[in-house]
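Going by the numbering used here, the first residue of the sequence shown is number 474, and it counts up by one from there.
Note that the Cβ used here is the ideal one computed from N, Cα and C, for glycine as well.
Down below is the structure, laid out as structure tokens.
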Amino acid sequence: MAVGARFEFPLWIAKGQQSPKRPVLIAIDGRSGAGKSTIAGQLASELNGVVIKGDDLFSGGTNDDWRTRTLLEKVNLVMDWKRLRKETMEPLLAGKAASWHSFDWVTWQGLAAEEISMGPTSFIFVDGIYSNRPEFDDLVDFSILVVAPEDQRLLRLIERETTEFMENWH
């Protein structure tokens, strides 16, 4: 899916009308650097929605911790999906504001002091790797998988991340 691509949603979404049952939750999944954040931002702007960044709910851990984990452990632990569900998705889907503390990316330990708040809104976009988890099947209305050519994805990552981060994480 290319950044800037057009999406065809059901007519009530295309007209910006609220879902008859509740706010609409759209999971935007894909690998790092694929363009998820760009697409989430464009759609949220167009539909007057909000974007929840999955990176805010990173579970933490050192590079050594992550190197010792199996692929399944990484999938299950990279994002605190229980917090994502309880603190962001469920309140917004209930038509209420949501608030949470992001992972502290400066210290790489614990949660940041500043609270993030948003909503309520008619359109909720969850931007992040594994944002379309099976544990969210009862909440997610639409899923978008963003795929980019590997060379473009890696170039984007190199532009936004430090060399040390790229060597350790990717």
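C-alpha gap between residue i and residue j, whole angstroms
i    : j    : result
E634 : R606 : 26 Å
L516 : K559 : 23 Å
A571 : K547 : 26 Å
H574 : K526 : 12 Å
R540 : G533 : 13 Å
Member of the options whose CA lies at the smallest distance from the CA of residue i
i    : options          : result
E623 : P496, G503, K494 : G503
K569 : A507, A500, T594 : T594
V619 : T511, D528, A585 : T511
R495 : E637, L612, I631 : L612
F576 : G592, E563, L557 : L557
L566 : S505, G522, E637 : G522
F596 : L627, S616, L520 : L520
Exposure label - residue i; buried when at least 16 CB within 10 Å
i    : result
A507 : buried
V579 : exposed
I631 : exposed
T561 : buried
G583 : exposed
Bridge partner(s) assigned by DSSP for residue i
i    : result
I501 : D600, I617
M591 : A571
M552 : F531
K526 : D600
L584 : F576
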